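Here is the structure we will look at, set down as structure tokens.
Residue numbers (my numbering): 2 to 252.
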């Protein structure tokens with residue numbers, strides 16, 4: 002093939018679908034829509050069975066786990082929509098969000114995983130309340146991606162003294178949420194490539210997560226800064242504009 006074609010790959014388990022977009026602009030959207038349909042069908046079934054089991058789980062004092070499962074299914078559906086948004090973007094509603102509450106609700110999802118993986122997981126909050134104007138679902142998705150990457154980096158390094166930290170701070174203009182890990186880390190060349198769509202170092206990864214995360218944060222007027230050192234670890238910082246007091250008073 003003499004002419005270089007524009008293309009991207011979607012990785013599902015160990016199958017690869019290559020989509021050529023040079024002459025068919027809608028192809029990417031159609032492929033993602035088909036994948037989304039196949040994933041959403043079992044999610045709908047799982048959601049239905051959880052609802053059927055809910056009375057029994059409530060009876061044994063496990064109601065909160067039902068709520069978490071339902072929220073995660075809804076979040077996964079939202080994540081699928083974001084992947085579709087990679088080729089067909091659409092605006093998302095925003096509201097005033099407490100950063101502390103967002104992180105507290107979100108970190109609960111990783112506490113049990115940290116125990117299972119034997120990883121020390123901690124969250125550090127400032128004393129003062131911090132507010133941003135954001136789409137809460139999208140910001141949760143970005144945080145989920147970053148913390149998930151941190152856990153996987155520790156697993157890839159293959160040692161038993163792993164640590165993941167989430168720290169919240171502010172400067173005069175931005176709220177900063179930073180995820181630290183002492184995992185395998187990346188060299189400078191790999192770090193620079195990580196924001197490219199479909200670039201991934203993972204055998205079964207899609208390379209979509211960080212690209213979409215960066216896109217979401219930039220659409221909120223913020224930025225993501227990733228610093229990494231091979232064999233030492235990685236920090237990924239999300240900067241989002243603080244909600245101004247004058248705007249709070251208007252609301």
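Using N, Cα and C, we set each Cβ at its ideal position, and we do this for glycine too. For clarity, every value in this text was computed on a predicted model and none was experimentally measured.
Three-state secondary structure (DSSP) at residue i?
i, result
"residue 261", "This structure cannot speak to residue 261, because the chain is shown only from 2 to 252."
"residue 233", "coil"
"residue 1", "Absent from the structure is residue 1, since the part of the chain shown begins at 2 and ends at 252."
"residue 43", "helix"
"residue 65", "helix"
"residue 216", "helix"
"residue 226", "strand"
"residue 133", "strand"
"residue 205", "At residue 205 the pLDDT is 42, less than 50, meaning the model places this residue with poor confidence; the figure from the coordinates comes in the next sentence. Note: residue 205 maps to coil in three-state DSSP."
"residue 23", "With a pLDDT of only 42 at residue 23, under 50, the local geometry of the prediction cannot be trusted, and the value read off the model is given with reservation. Three-state DSSP puts residue 23 in coil, outside helix and strand."
Hey, could you find the ends of the beta strand (DSSP E) residue i is sitting in?
i, result
"residue 122", "121 to 125"
"residue 170", "164 to 171"
Looking at the ligand ZN, does it come within less than 7 Å of residue i, judged from the CB to the closest heavy atom?
i, result
"residue 244", "Although the ligand ZN was asked about, the structure shown includes no ligands whatsoever."
Residue range of the alpha helix (DSSP H) that residue i falls in?
i, result
"residue 140", "137 to 158"
"residue 102", "100 to 118"
If distances are taken between C-alpha atoms only, which option among the options comes closest to residue i?
i, options, result
"residue 242", "122, 165, 98 and 114", "98"
"residue 103", "71, 233, 188 and 167", "167"
"residue 284", "218, 212, 72 and 37", "For the chain, the structure presents residues 2 to 252; residue 284 sits outside this window and is missing."
"residue 130", "94, 124 and 170", "170"
"residue 181", "60, 93, 125 and 216", "125"
If contacts are defined as beta-carbon pairs under 8 Å, then residue i and residue j qualify, I think. What distance do you get, rounded to the angstrom?
i, j, result
"residue 118", "residue 78", "About 26 Å separates the two Cβ atoms, so there is no contact after all."
"residue 143", "residue 214", "4 Å"
"residue 134", "residue 244", "5 Å"
"residue 163", "residue 146", "That belief does not hold up - the Cβ atoms of residue 163 and residue 146 are roughly 18 Å apart, past 8 Å."
"residue 186", "residue 223", "The Cβ separation is near 24 Å, so there is no contact."
"residue 44", "residue 74", "6 Å"
Can you check whether the C-beta of residue i is within less than 8 Å of a C-beta belonging to chain D?
i, result
"residue 217", "This model lacks chain D altogether, as it is built from one protein chain only."
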